[in-house]
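Only one structure is covered here, and it is reproduced in the block below.
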Amino acid sequence: MRFLILLIALALFSPLAAADEDNEGEKDEEDERDDDEGDDAGEGLGEVAAWLLGAGFIYVAVRQRLVRDQLFMAGLERKRYGALLKLALNGHMLLMLGATALAGYHGWLMAQSEGWLEGDSLSGLLALAMMAYLSVAGVLLWRRLPADWVSRSLRKQARLAHVQRWVTVLLLVALALHLG
1 MRFLILLIAL
11 ALFSPLAAAD
21 EDNEGEKDEE
31 DERDDDEGDD
41 AGEGLGEVAA
51 WLLGAGFIYV
61 AVRQRLVRDQ
71 LFMAGLERKR
81 YGALLKLALN
91 GHMLLMLGAT
101 ALAGYHGWLM
111 AQSEGWLEGD
121 SLSGLLALAM
131 MAYLSVAGVL
141 LWRRLPADWV
151 SRSLRKQARL
161 AHVQRWVTVL
171 LLVALALHLG
């Protein structure tokens with residue numbers, strides 16, 4: 001249910017965020033056109049990153065709702081369940097890493113045209129920091145690095161860091177502030 005609310009909010013606020021452009025200050029027409037092109041590209045990338053983030057959250061929502069025993073009772077075989085879970089996890093990782101990369105590039109483009117701490121960039125930087133935090137922890141879990149590179153206790157800490165709900169809530173709040 002919460003995921004559906006997030007998707008609806010993204011669908012409603014994305015056009016509003018794109019339409020909310022204030023061009024304060026006086027510039028030459030050429031400079032203004034260049035800035036508008038940078039703003040448009042940056043905003044477009046930000047919107048794509050938000051949609052990828054929403055699509056990546058589908059895995060999180062479904063995974064929390066599904067109970068393995070219920071799936072087995074419904075006739076899903078253990079081997080098939082494992083294959084579907086691996087496929088869904090790979091999709092989740094690709095979507096979330098793509099969203100993080102696009103959000104970082106979006107932040108860079110917007111900072112070049114508007115400045116690093118102008119307007120709503122602080123909430124965007126906070127959202128990007130949370131995305132990077134979750135991505136690094138997720139990559140540490142996914143790669144299962146050799147024991148001599150990463151200790152078992154660090155992998156446990158990475159798992160705990162990756163599944164903390166307060167980080168996800170902070171990400172969503174920062175993203176809502178950034179879009180609003």
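For the sequence shown, full-length UniProt numbering gives the first residue as 1, with consecutive numbering after it. Heads up, the beta-carbon is just placed ideally off N, CA and C, and yes, glycines get one too.
Worksheet item: According to the Cβ coordinates, are Ala99 and Met131 closer than 8 Å?
Response: yes
Discussion item. Determine whether the beta carbon atoms of His162 and Leu128 lie at a separation below 8 Å.
Written reply: No, they are not a contact pair.
Worksheet item: For Glu21, does the count of other Cβ atoms within 10 angstroms reach 16, so buried, or fall short, so exposed?
Response: Unreliable placement is indicated for Glu21, whose pLDDT of 47 sits below 50; the coordinate value is still reported in the next sentence. Glu21 is exposed by the Cβ-count criterion.
Item to complete: Could you check if Ala137 is buried or exposed, using at least 16 other CB atoms within 10 Å of its CB as the buried criterion?
Response: Looking at its Cβ environment, which holds 16 or more other Cβ atoms inside 10 Å, Ala137 is buried.
Fill in: Contact the stretch 51–70 vs the stretch 89–96: 3+ CB pairs below 8 Å
In short, these stretches touch, since the Cβ pair count reaches three.
Practice prompt. Would you mind stating whether Val48 and Leu125 have Cβ atoms separated by less than 8 Å?
Written response: no
Practice prompt. Using three-state DSSP, classify Leu117 as helix, strand or coil.
Written response: When DSSP states are grouped into helix, strand and coil, Leu117 belongs to the coil group.
Discussion item. Considering just the uninterrupted stretch of the alpha helix (DSSP H) at Val167, what are its terminal residues?
Written reply: Segment Arg165 to Leu179, the alpha helix (DSSP H) holding Val167.
Practice prompt. Assuming Ala158 and Leu140 form a contact by the criterion Cβ under 8 Å, report the distance between their Cβ atoms to the nearest whole angstrom.
Written response: 4 Å
Practice prompt. Work out the CA separation of Ser151 and Leu172 for me, nearest whole Å.
Written response: 31 Å
Fill in: Length of the line joining the Cα atoms of Gly104 and Ala176
17 Å
Discussion item. Assuming contact is defined by CB atoms lying nearer than 8 Å, are Ser113 and His178 in contact in what I supplied?
Written reply: Between Ser113 and His178, the C-beta gap is not smaller than 8 Å, which leaves the two residues out of contact.
Practice prompt. Report the rounded CA-to-CA distance for Trp108 versus Gly115, giving the unit in angstroms.
Written response: 9 Å
Worksheet item: Would DSSP call Leu66 helix, strand or coil?
Response: coil
Worksheet item: In terms of residues, what are the limits of the alpha helix (DSSP H) holding Ser153?
Response: Arg152 to His162
Practice prompt. Please name the residue in Lys79, Glu77 and His106 whose C-alpha comes closest to that of Ala41.
Written response: His106
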